[in-house]
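Encoded as C-alpha coordinates, the structure appears first; notes follow it.
Numbering (my numbering), first residue to last: 1 to 159.
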(Lines of atoms letter the chains of each structure in order from A and count residues from 1; the text may use other names and numbers.)
(Lines give C-alpha, C1' and ligand atoms only; values in the text may rest on other atoms or scores of the structure.)
Protein backbone atom coordinates (compact mmCIF):
# COMPACT_ATOMS: atom_id res chain seq x y z
CA UNK A 1 0.00 0.00 0.00
CA UNK A 2 1.32 3.43 -0.96
CA UNK A 3 1.96 5.98 1.79
CA UNK A 4 3.22 9.58 1.92
CA UNK A 5 6.62 8.09 2.74
CA UNK A 6 6.88 6.88 -0.86
CA UNK A 7 7.32 10.44 -2.11
CA UNK A 8 10.21 12.84 -2.43
CA UNK A 9 9.76 16.58 -2.38
CA UNK A 10 11.92 19.50 -3.40
CA UNK A 11 13.48 21.61 -0.69
CA UNK A 12 13.98 25.36 -1.05
CA UNK A 13 17.62 24.79 -2.06
CA UNK A 14 16.48 22.59 -4.96
CA UNK A 15 17.61 19.29 -3.42
CA UNK A 16 15.23 16.36 -3.10
CA UNK A 17 14.10 15.14 0.33
CA UNK A 18 12.53 11.76 0.94
CA UNK A 19 9.44 11.82 3.12
CA UNK A 20 10.80 8.55 4.55
CA UNK A 21 12.73 10.91 6.82
CA UNK A 22 9.42 11.50 8.62
CA UNK A 23 8.45 7.83 8.89
CA UNK A 24 6.73 6.99 12.16
CA UNK A 25 5.68 10.59 12.81
CA UNK A 26 2.25 12.16 12.43
CA UNK A 27 2.25 14.94 9.85
CA UNK A 28 0.22 17.92 8.82
CA UNK A 29 0.83 18.69 5.15
CA UNK A 30 -0.47 22.07 4.02
CA UNK A 31 -0.35 24.19 0.89
CA UNK A 32 0.47 27.74 1.94
CA UNK A 33 0.56 31.28 0.59
CA UNK A 34 2.19 34.38 2.04
CA UNK A 35 -0.22 37.02 0.71
CA UNK A 36 -3.58 35.39 1.41
CA UNK A 37 -6.37 36.30 3.81
CA UNK A 38 -5.72 32.93 5.48
CA UNK A 39 -1.97 33.57 5.91
CA UNK A 40 -2.38 34.22 9.68
CA UNK A 41 -2.96 30.45 9.98
CA UNK A 42 0.83 30.17 9.96
CA UNK A 43 0.63 31.31 13.58
CA UNK A 44 -1.77 28.50 14.55
CA UNK A 45 0.25 25.93 12.65
CA UNK A 46 3.41 27.07 14.41
CA UNK A 47 1.61 26.81 17.78
CA UNK A 48 0.63 23.19 17.02
CA UNK A 49 4.18 22.44 15.93
CA UNK A 50 5.69 23.98 19.04
CA UNK A 51 3.22 22.20 21.30
CA UNK A 52 3.56 18.71 19.78
CA UNK A 53 6.94 18.49 18.02
CA UNK A 54 8.48 16.75 21.07
CA UNK A 55 5.84 14.03 20.62
CA UNK A 56 6.85 13.69 16.97
CA UNK A 57 4.46 15.98 15.07
CA UNK A 58 5.88 17.44 11.89
CA UNK A 59 4.24 20.14 9.80
CA UNK A 60 5.29 20.40 6.18
CA UNK A 61 4.46 23.63 4.34
CA UNK A 62 4.29 23.78 0.56
CA UNK A 63 3.97 27.28 -0.90
CA UNK A 64 1.60 27.45 -3.84
CA UNK A 65 0.90 30.33 -6.22
CA UNK A 66 -2.10 28.81 -8.01
CA UNK A 67 -4.77 30.80 -6.20
CA UNK A 68 -4.71 34.48 -7.26
CA UNK A 69 -0.89 34.64 -7.26
CA UNK A 70 -0.66 35.02 -3.49
CA UNK A 71 2.89 33.78 -3.08
CA UNK A 72 6.21 35.56 -3.54
CA UNK A 73 8.11 34.78 -6.74
CA UNK A 74 11.33 34.13 -4.82
CA UNK A 75 11.29 31.24 -2.30
CA UNK A 76 13.77 33.07 -0.06
CA UNK A 77 11.21 35.87 0.32
CA UNK A 78 8.59 33.28 1.26
CA UNK A 79 10.67 31.61 3.95
CA UNK A 80 11.88 34.92 5.35
CA UNK A 81 8.30 36.24 5.45
CA UNK A 82 7.08 33.13 7.32
CA UNK A 83 9.91 33.29 9.85
CA UNK A 84 9.80 37.03 10.50
CA UNK A 85 6.02 37.49 10.59
CA UNK A 86 4.86 34.21 12.12
CA UNK A 87 7.93 32.67 13.73
CA UNK A 88 7.66 29.59 11.51
CA UNK A 89 10.23 26.93 12.37
CA UNK A 90 8.59 23.95 10.66
CA UNK A 91 9.91 23.02 7.20
CA UNK A 92 8.82 25.07 4.21
CA UNK A 93 9.53 23.39 0.88
CA UNK A 94 9.87 24.64 -2.69
CA UNK A 95 6.88 26.25 -4.36
CA UNK A 96 4.61 23.73 -6.09
CA UNK A 97 1.33 23.34 -7.96
CA UNK A 98 -1.37 21.40 -6.14
CA UNK A 99 -3.90 21.18 -9.00
CA UNK A 100 -3.69 20.66 -12.74
CA UNK A 101 -1.32 18.82 -15.01
CA UNK A 102 1.76 20.08 -13.15
CA UNK A 103 0.44 19.15 -9.70
CA UNK A 104 3.09 17.77 -7.38
CA UNK A 105 2.74 13.96 -7.13
CA UNK A 106 2.47 14.16 -3.33
CA UNK A 107 -0.58 16.41 -3.58
CA UNK A 108 -2.09 14.23 -6.30
CA UNK A 109 -1.81 11.32 -3.87
CA UNK A 110 -3.23 13.33 -0.94
CA UNK A 111 -6.23 14.43 -3.03
CA UNK A 112 -6.89 10.86 -4.15
CA UNK A 113 -6.89 9.68 -0.54
CA UNK A 114 -9.28 12.35 0.79
CA UNK A 115 -11.55 14.19 -1.58
CA UNK A 116 -12.79 17.65 -0.68
CA UNK A 117 -15.79 19.79 -1.54
CA UNK A 118 -14.51 20.19 -5.10
CA UNK A 119 -13.98 16.44 -5.36
CA UNK A 120 -10.25 15.95 -5.86
CA UNK A 121 -9.11 19.51 -6.49
CA UNK A 122 -7.82 21.71 -3.75
CA UNK A 123 -10.10 24.70 -3.32
CA UNK A 124 -7.70 27.29 -1.92
CA UNK A 125 -4.57 27.98 0.12
CA UNK A 126 -4.21 26.31 3.53
CA UNK A 127 -5.93 23.02 2.74
CA UNK A 128 -4.55 20.75 5.44
CA UNK A 129 -4.02 16.97 5.38
CA UNK A 130 -3.50 15.02 8.60
CA UNK A 131 -1.28 11.96 8.20
CA UNK A 132 -0.90 9.20 10.80
CA UNK A 133 2.43 7.69 11.84
CA UNK A 134 1.98 4.92 9.24
CA UNK A 135 1.89 7.48 6.43
CA UNK A 136 -1.86 7.21 5.78
CA UNK A 137 -4.08 10.23 5.16
CA UNK A 138 -6.64 10.28 7.97
CA UNK A 139 -8.31 13.65 7.38
CA UNK A 140 -8.53 16.61 5.05
CA UNK A 141 -9.46 20.05 6.36
CA UNK A 142 -10.89 23.00 4.47
CA UNK A 143 -8.74 26.09 4.00
CA UNK A 144 -10.89 28.01 6.48
CA UNK A 145 -10.45 25.39 9.24
CA UNK A 146 -8.26 27.02 11.85
CA UNK A 147 -5.30 24.90 13.02
CA UNK A 148 -6.64 24.98 16.61
CA UNK A 149 -9.75 23.14 15.39
CA UNK A 150 -7.68 20.13 14.32
CA UNK A 151 -5.71 19.85 17.55
CA UNK A 152 -8.07 17.20 18.97
CA UNK A 153 -7.50 15.02 15.89
CA UNK A 154 -3.73 15.50 16.20
CA UNK A 155 -3.82 14.38 19.85
CA UNK A 156 -5.66 11.17 18.86
CA UNK A 157 -2.66 10.20 16.71
CA UNK A 158 -0.44 9.99 19.78
CA UNK A 159 -2.54 7.39 21.59
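Ideal Cβ positions, reconstructed from N, Cα and C, are used throughout, including at glycine.
Grouping DSSP H, G and I as helix and E and B as strand, with all else coil, what is residue i?
i: residue 82; result: helix
i: residue 25; result: coil
i: residue 106; result: helix
i: residue 150; result: helix
i: residue 131; result: strand
Taking 7 Å as the limit between beta carbons, can you name the residues of its chain near residue i, skipping five residues before and five after?
i: residue 110; result: 29, 129, 137
i: residue 15; result: none
i: residue 134; result: 3
i: residue 52; result: 154
i: residue 66; result: 97, 98, 99
On the DSSP letters alone, give me the boundaries of the beta strand (DSSP E) that residue i sits inside.
i: residue 9; result: 8-10
i: residue 139; result: 137-141
Tell me the DSSP bridge mates of residue i?
i: residue 61; result: 30, 92
i: residue 17; result: 9
Excluding sequence positions up to five away, which residues of its chain have a Cβ less than 6 Å from the Cβ of residue i?
i: residue 114; result: 137, 140
i: residue 49; result: 59, 90
i: residue 8; result: 16, 18
i: residue 103; result: 97
i: residue 5; result: 19, 20, 23, 135
i: residue 62; result: 31, 93, 96
Check for me: the alpha helix (DSSP H) holding residue i runs from which residue to which?
i: residue 42; result: 41-52
Can you list, in chain order, the residues of its chain with a C-beta nearer than 8 Å to that of residue i? Leave out the 5 residues immediately preceding and following it.
i: residue 83; result: 89
Can you find at least 3 beta carbon pairs, one from the stretch 80-99 and one from the stretch 143-152, that sit closer than 8 Å? In short, these stretches do not touch, since the Cβ pair count stays below three.
Any chance the stretch 20-36 sits against the stretch 68-81, with 3 or more Cβ pairs inside 8 Å? Cβ pair count under 8 Å is three or more, so yes.
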